[in-house]
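Comments concern the structure below.
Numbering (mature numbering (1 follows the signal peptide of the UniProt record, and there is no 0)), first residue to last: -24 to -1, 1 to 500.
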């Protein structure tokens, strides 16, 4: 294991992460991030956004060493103290600072970061984390001639505080006002004819699945959230909220400019963002109609998702050393079934998991667990299968044992697509299916070469199953990646526990830990 890199963040009332270029083979990295408000006009209307070091989106983080930050997809081994969500960390007060320390280990791939408190994510504060291989560690494709990071996502003109007040009053999130690429309406990416470029594409939006495509060019899929893939060719890719894909694109067309397109999926009104792929010898600007893509076709997306396969001959990144075990040969210790829902509770719109709609406590659950503070969270409120009872509010925690191997079925009985994320882990997405999951559904599982990933979609009136090896002790957030659903209760925490306290299982509480609620410094 490499030495940890150090990240120093100076933040105002946010828990976010950081980015910048790094120098190869230095195991330590120090970054200072200053988080402020600023005014820009991404959709032509001046509005308040969150800037990191004056940038929107935030600076890109390129890593070629083990690194220690909600860091979307970074596993943070044995270290949920650095997870950056309200269940594990006290919010950083204005004019204060906090230093995050964590490692990505062998997670070569494309990831993102974003603020996790309130609706700050609707104001920006997000960016890319690109983890590169160390020297002499190969990836299963020729090193590209260039590297482009594209942060695509829906965007709202409404101030994030106004959106939060609307959700607090019981209203739903409105339809977005547009889609952005790297916080812009028409960014340009330039390359030389005949060369091949790596495009890292992440959906950093709040609520909407997007389809990504480049006019006249095929895309070779090479990596999905840290998993090197079988290198299939696509003309467009669905990227759901919170997900990241990496493709190779060769500039092998006539020398001109081409549209880069990100458009909404499964929406009655299709919103589109346009970028430009510019050949260095082009004298012809983009013209003509923007190439269309799929819109509301769910079956199209399911078929594409099933073509994503793990490259079993590649090195890293994978959640177990090559050859130590194969996920398809392990019998899960138990099955957990989780169903999302959209109930009204006390006359207000809420979202729930097995009837439990999560509410944040004033004390981070991790601190309460560490100091044995009673009354902060419940480990009995969330049942492990759906029930017909009335929905209720709870600070729900699902208990589990370290080294359990779980089958978790996510059942979606609603007419909208869902996107789920599990902090601290990647997992095998073994199956998708229509209707209600049953034990017979296992016959359709891919137990050979399915991907590991950190965020997955559940299609309308459908189910998705995952296998997860609980090898990372801590208190980990399981949440909807669709942010209004997360904010209004579609989340819970997974407590992965071993009664034998050891640094081999989990790191100690950091010396710079922030304290709040019922937890005070020196609490015992």
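Glycine is no exception: its CB is placed at the ideal position from the N, C-alpha and C atoms.
Inset, instruction - Note down the Cα distance separating residue 305 from residue 273, rounded to an integer number of angstroms. - result: 34 Å
Legend entry - For residue 424, the nearest candidate out of 289, 126 and 184 (CA to CA): 289
Legend entry - Rounded straight-line distance, which links the Cα of residue 96 to that of residue 151: 18 Å
Inset, instruction - Below 7 Å CB to CB, which residues in the same chain sit around residue 52 once its five sequence neighbours on both sides are set aside? - result: 58, 59, 78 and 400
Legend entry - Residues of its chain near residue 179, where Cβ-Cβ distance is below 8 Å and the 5 sequence neighbours each way are ignored: 128, 129, 185, 186, 215, 216, 217, 218, 219 and 220
Legend entry - Residues sharing a beta bridge with residue 375, DSSP: 471
Legend entry - Proximity of residue 493 and residue 345 at Cβ, strictly below 8 Å: no
Inset, instruction - Have a look at residue 389 and residue 427 and give me their C-alpha separation to the nearest angstrom. - result: 25 Å
Inset, instruction - Taking only the alpha-carbon atoms, compute the straight-line gap between residue 456 and residue 396 and give it to the nearest angstrom. - result: 5 Å
Inset, instruction - Work out the CA separation of residue 325 and residue 147 for me, nearest whole Å. - result: 6 Å
Inset, instruction - Could you tell me whether the Cβ atoms of residue 352 and residue 341 are closer together than 8 Å? - result: yes
Inset, instruction - Count the other CB atoms, across all protein chains shown, that sit within 10 Å of the CB of residue 379; report buried if there are 16 or more and exposed otherwise. - result: exposed
Inset, instruction - Using three-state DSSP, classify residue 499 as helix, strand or coil. - result: coil
Inset, instruction - Decide if residue 182 is buried, meaning its Cβ has at least 16 other Cβ atoms within 10 Å, or exposed. - result: buried
Inset, instruction - Can you check DSSP and say which residues form a bridge with residue 312? - result: 384
Inset, instruction - Please say whether residue 18 and residue 161 have beta carbons closer to each other than 8 Å? - result: yes
Inset, instruction - Find the nearest neighbour of residue 267 within the set 374, 252 and 312, judged by alpha-carbon distance. - result: 252
Legend entry - Selection from 132, 25, 245 and 393 that minimises the alpha carbon distance to residue 277: 393
Inset, instruction - Going by DSSP, name the residue or residues bridged to residue 429. - result: 403
Legend entry - Neighbourhood of residue 417 by C-beta, 6 Å cutoff - its chain only, sequence neighbours within 5 removed: 409
Legend entry - Selected residue, minimal CA-CA separation from residue 452, among 153, 283 and 46: 46
Inset, instruction - Determine the extent of the beta strand (DSSP E) in which residue 397 is found, giving its start and end residues. - result: 394 to 398
Inset, instruction - Please classify residue 126: does DSSP put it in a helix, a strand, or coil? - result: strand
Inset, instruction - Assign residue 174 to one of two classes, buried (16 or more other C-beta atoms within 10 Å of its C-beta) or exposed (fewer than that). - result: buried
Inset, instruction - Work out the CA separation of residue 383 and residue 311 for me, nearest whole Å. - result: 5 Å
Inset, instruction - Taking only runs that begin and end inside the stretch 429 to 461, name each unbroken beta strand (DSSP E) of 3 or more residues, in chain order. - result: 431 to 434, 438 to 445 and 450 to 456
Inset, instruction - Quick one: residues in its chain with C-beta nearer than 8 Å to the C-beta of residue 469, no 5 flanking neighbours on either side, listed in chain order? - result: 63, 341, 353, 372, 373, 374, 451, 452, 453 and 454
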